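Take a look at the structure below.
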Amino acid sequence: MIITNIETVPGKNIVEHFGLVSGSTIRAKHVGRDIMASLKNLVGGELKGYTQLLQESRQQALDRMVDQARQLGANAVINVRFSTSSVAQGAAELYAYGTAVSVE
Amino acid sequence: MHMEQPFLLSKRRLSVYNLLFFITLVAVGYLAGTFAERYHYRSIDHREKMFINLPAVTIKTVNYPDDKIQSAELVYGSAVISIDYFKRFTASLRNIFGGTVTSYESLIDRARREALLRMKEMAGDSKIIVNVRIETSTIGRNANKKGVGCLEAIAYGTALIMDQ
Amino acid sequence: MKYTPRLPKSNVNVTPTSRLREFFILTLCLLGIVIAIYILLGFAVDMIVPRISTDLETKMSELFIRSLDAEDIDSEWGGYVQSLVENLQKRCTKLPYLFKVHVRNASSVNALTLPGGHIIVFTGLLDKMTSENELAFVFAHEMSHYANRDHLRGVGRAFVFITLATFLFGTDSNISKMLAHALNITELSFSRNQETRADEFALELLNCAYGNVAGATDFFAKIPKEQDPGKFGRYFASHPENLKRIVDLNKIIRDRGFRTAGEKPLPKIVQQSKNKNEM
Chain A
1 MIITNIETVP
11 GKNIVEHFGL
21 VSGSTIRAKH
31 VGRDIMASLK
41 NLVGGELKGY
51 TQLLQESRQQ
61 ALDRMVDQAR
71 QLGANAVINV
81 RFSTSSVAQG
91 AAELYAYGTA
101 VSVE
Chain V
105 MHMEQPFLLS
115 KRRLSVYNLL
125 FFITLVAVGY
135 LAGTFAERYH
145 YRSIDHREKM
155 FINLPAVTIK
165 TVNYPDDKIQ
175 SAELVYGSAV
185 ISIDYFKRFT
195 ASLRNIFGGT
205 VTSYESLIDR
215 ARREALLRMK
225 EMAGDSKIIV
235 NVRIETSTIG
245 RNANKKGVGC
255 LEAIAYGTAL
265 IMDQ
Chain B
269 MKYTPRLPKS
279 NVNVTPTSRL
289 REFFILTLCL
299 LGIVIAIYIL
309 LGFAVDMIVP
319 RISTDLETKM
329 SELFIRSLDA
339 EDIDSEWGGY
349 VQSLVENLQK
359 RCTKLPYLFK
369 VHVRNASSVN
379 ALTLPGGHII
389 VFTGLLDKMT
399 SENELAFVFA
409 HEMSHYANRD
419 HLRGVGRAFV
429 FITLATFLFG
439 TDSNISKMLA
449 HALNITELSF
459 SRNQETRADE
469 FALELLNCAY
479 GNVAGATDFF
489 AKIPKEQDPG
499 KFGRYFASHP
509 ENLKRIVDLN
519 KIIRDRGFRT
529 AGEKPLPKIV
539 QQSKNKNEM
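Protein chains in written order, with this note's numbering: chain A, 1 to 104; chain V, 105 to 268; chain B, 269 to 547.
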């Protein structure tokens, strides 16, 4: 599945489109990560736990969007945008949306 | 706290009433929330079928020839969905154990799809809605503290109306 | 651009698990962890509390309990109850505490113990006393709590528990509030066992000091009716129902063969003050 952030897929023709597809996810951290973060607040450095949480979040959102596009019969998603909001404290919410198209 | 040792019975029913009240809130939240959600999803599915012929896309350029386009105007739709107590409690449990907060998933899904549908309703007769963007935010009393008050989703785009 | 209208077959954005099932699994896991920690704490407290010396306890309690004397009232009871308690301690127990009795003005028919050897007794209770033995039983019961270090156990466990909850869940969390309430309720059934043991110890003390246990059960028969919590309140009262208490006390008296005759009346000076109050 090709995913791009621009309006075209370079080198390919867009044949048809299927409308908007989106994937959203919301993941919470657990107390272990929380405690490590509090400790890191003392010494500083990268919060690997949270970075990992956000990466997992992003990956899941993209996967869901691709899944929905596949269900519509598309093979590419163009003009993808990310959006986030603080829907719950201590949870990472991510929303990815784009246009599902068929390219060749 | 248990510092004092009273000689006679002391009325500690306050704790029990508190717990019972809490359980009642959770139960009421679950029942009411599930009912509202099911009804809303049915409505959303029905309307999405209705609007299937009006696509919304995030791209800007669609290759319709300019002289065929009658007008283009901004259309938007927004929805504010609130959280029930059951969802809130399950989410705080999730915060302890980690993982996907499934109770909020349906909430944000509903809000966004509702906002898109309302945008399509506003578009009316247009052929396509381009450059759609979706924004979400939280509003309400608990928005800045722990927990969520309500979730607001707004979808906006440009609707293109063609010559007939 | 050609548009092909299609609808997705399933909703990818919502995990298809049952909400209720997830709720129950999570709650049961949490309860399991909480109960495990609670039991561990119970063992820890049982090991540590006997090792806290009474000196240390007195010093620590002085940090938390500021001047208790300020609320004491000056009455004829003051000197009498203090000497009564000191008498009990000198003759019949080896408790290493410096007991101090505080008389407070309140209609509550109750007496309390605080760490460090402070016993608070309310005038509401004193006014209902008709014999010295009765009063002595009340104090003996309070003193026996010290013998078992009951007050420390409850404090220790609750303290650690709430600290842990605050550390994990944050200060304002709903969950930690609910856990605190649940803890409060379970603490009640522990203290019921503690109370029964205290009653037994008090009977022994009374027998030692007076040669009989007269007056031990008199008190419970006099308790005002509204203090009886009824069937529902039974679990949630921190003391066994008074009627049951009388039954249990009588059973111990029969089993141990204590004598029940020989009441010693209250000294004249407090009798006079009682008569004054009743008028």
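Don't be surprised by glycine CBs; every beta carbon is placed ideally from N, CA and C.
Every value quoted in this text rests on a predicted model; they were computed, and no experiment measured them.
B:Ala304: not part of any beta strand (DSSP E); member of the alpha helix (DSSP H) spanning 287-316, first to last residue. In this model, V:Val120 and V:Leu129 are separated by some 14 Å (Cα to Cα).
At a cut-off of 9 Å between C-beta atoms, V:Ile148 does not count as an interface residue with respect to chain A. By the beta-carbon neighbour count (other beta carbons within 10 angstroms, threshold 16), B:Gly479 is exposed.
A distance below 9 Å separates the beta carbons of B:Tyr365 and B:Gln357. When the alpha-carbon of B:Phe469 is set against those of B:Phe437, B:Arg524, B:Ala450, the nearest one is in B:Arg524. Closest in alpha carbon position to A:Ile2, among A:Gln89, A:Ala88, A:Arg70, A:Gly90, is A:Arg70.
In summary, the residues of the segment 277-294 of chain B whose CB is separated from some CB of chain V by less than 8 Å are Asn279, Asn281, Val282, Thr283, Thr285, Arg287, Leu288, Glu290, Phe291, Leu294, in the order they occur in the chain. Close partners of B:Lys445 in chain A (Cβ separation under 8 Å) are lacking, with about 17 Å as the shortest Cβ gap. The beta carbon of B:Arg527 sits closer than 6 Å to those of Asn480, all from its chain and outside the five residues before and after it, given in chain order. Here B:Thr485 carries a coil assignment [DSSP, helix/strand/coil]. Burial check for V:Asn199: the Cβ neighbour count within 10 Å reaches 16 or more, so the residue is buried. Sorting V:Leu264, V:Asn167, V:Arg237 by C-alpha distance to the C-alpha of V:Ala257 places V:Arg237 at the top. Residues of the segment 9-32 of chain A with a Cβ closer than 9 Å to any Cβ of chain B, in chain order: Ile14, Val15, Glu16, His17, Phe18, Gly19, Val21, Ser22, Gly23, Ser24, Thr25, Val31.
Look at A:Gln60: its C-beta is under 9 Å from a C-beta on chain V. In this structure V:Pro159 is buried. Its beta-carbon is surrounded by 16 or more other beta-carbon atoms within 10 angstroms.
Residue nearest to V:Ile127 within the set B:Asn518, B:Glu472, B:Ile303, B:Leu447 is B:Leu447 (criterion: CA-CA distance). DSSP links B:Thr381 through a beta bridge to B:Ile387. Here the alpha carbon of V:Phe155 sits roughly 56 Å from the alpha carbon of B:Asn452. Per DSSP, A:Gly73 lies in no beta strand (DSSP E) segment and is marked neither H nor E.
Nearest Cα to V:Asn235 within the set V:Lys172, V:Ala259, V:Glu209, V:Met266: V:Ala259.
As DSSP reads the structure, V:Met266 sits in a beta bridge with V:Ile173. Taking the CA atoms as reference points, V:Phe139 sits about 13 Å from V:Ser147. Look at V:Phe139: its C-beta is not under 9 Å from any C-beta on chain B.
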